[in-house]
Each structure stands twice: as C-alpha cells, then as structure tokens.
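Below is one structure, written out as structure tokens; comments come after it.
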Amino acid sequence: MNKFLVILAALVLGSCGNESKKPTPFIEEQKMEDILFDMSLLYSIESVSAYSREDSMPQLNMNSVLKKYDIDSLTFVENNKYYIELKEGVYHNMQENINRKLEALKVKTDSLIAKEEEEKDKENDIVRKQLEKQLNEKNSSELKEKKDRLISEDDMLLLEANKLE
1 MNKFLVILAA LVLGSCGNES KKPTPFIEEQ KMEDILFDMS LLYSIESVSA YSREDSMPQL
61 NMNSVLKKYD IDSLTFVENN KYYIELKEGV YHNMQENINR KLEALKVKTD SLIAKEEEEK
121 DKENDIVRKQ LEKQLNEKNS SELKEKKDRL ISEDDMLLLE ANKLE
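Quick note: the sequence shown uses UniProt numbering, first residue 1, plus one each step.
In structure tokens, the structure reads:
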C-alpha cells in the first residue's frame, strides 16, 4: 500500500508540472515574433481605419497574415499558447521587441510624412510665386495699356487744342 501511495504521489506531482510540449508544426521564435508583429500592425491599421472611409483601404484580416507565413489558425494558436506558457519570459521579450519595431516604424513613418508635407509646402510656394508673377505681369500690362490709352487721349486733346488755335 505504501508503494501505491508513493507511486500515486509521484504521478500527482509529476502531472502538476506545467511543462509545455512543442506543438507540431513548430514555429521558430523569430518567425512567431514576425507573425505577432504583423498582427499588431494589422490591428493598428484596422483601429485607425475605423475612423476613415471604409473604401479607402483594402480589407485585411488575420487570415492574410497567416497565409503570408503559410500557417493555419490552429498552428498559430497552439504555438502562441506554447510561447505564452514558457517560463523564461520569452513571450514578454517577443512583445518588447515588437513594441520597439512598432515604435521605430512610427518614427520612420512620421519623418516620411513630415518630409512629404515639407515638399508639398515647397510645391505650393512655387505655384503661389508663379501665380503672383503672372498676376503682376497681367497687372503691369493692364497698367501699360491704360497709360498708353491716357497718353493717346492726351495727344488727341493737344492736337484738338492746336487746331483750335
């Protein structure tokens, strides 16, 4: 009976361990991080596009990310669970790496947007200067025409005055 209790206790204690087995098929850590990054990016895009016009962006979903990496949803869920249950903080490190990548992408995107706005401002300044130049030229030619007309009228008045004398 004592042997039975010892074996039972060993089985109970052995089953309490939360040792996760690698799922099959197994997704390597870097690939899993890339998948999670793409999903985070997709979630960000969807949350921002919820406030914009629906037809301005193509419809994307998680299946498009899974298809990109040639995995199915069950494989993803099993591997995601595996990485979450690891004791070494692997999943936490993956999330920190993803956040760093997202922040770097945000900085790059912000700089590209600023550069694009700067170029638009330069283009607008060029167009504005061209329009001002055209307007000045038009005003200048109109003033010249008025001046010529006034001079012609003055000349005619002088001619008439000379005739009267």
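Each residue gets a CB set at the ideal place from its N, CA and C atoms; glycine is no exception.
Residue burial classification, residue i (beta-carbon count within 10 angstroms, cutoff 16)
i, result
"Val127", "exposed"
"Leu11", "Here the model assigns Leu11 a pLDDT of 48, short of 50, so the residue's position is not dependable, and the following value carries that caveat. So Leu11 ends up on the exposed side."
"Met156", "exposed"
"Asn61", "exposed"
"Leu74", "exposed"
"Val77", "exposed"
"Lys115", "exposed"
"Asn79", "buried"
"Leu131", "exposed"
"Ile27", "buried"
"Ile35", "buried"
Presumed contact (8 Å Cβ cut-off) between residue i and residue j, rounded CB distance
i, j, result
"Leu86", "Ser20", "7 Å"
"Lys120", "Tyr82", "Incorrect: roughly 48 Å between the Cβ atoms, too far for contact."
"Phe37", "Lys106", "Not confirmed; about 13 Å, so no contact."
Close beta carbons around residue i, own chain, < 7 Å, minus the five adjacent residues each side
i, result
"Glu33", "Met94, Asn97, Ile98"
"Leu66", "Asp72, Ser73, Phe76"
Residues of its chain near residue i, where Cβ-Cβ distance is below 8 Å and the 5 sequence neighbours each way are ignored
i, result
"Lys31", "Tyr69"
Cut-off 6 Å between Cβ atoms - residues of its own chain near residue i, not counting five sequence neighbours on either side
i, result
"Ile84", "Tyr91"
- Output the residue ranges of the alpha helix (DSSP H) runs that lie fully inside the UniProt domain "DUF4296" (23-105) and measure 4 residues or longer, sorted by chain position. 29-49, 62-68, 73-85
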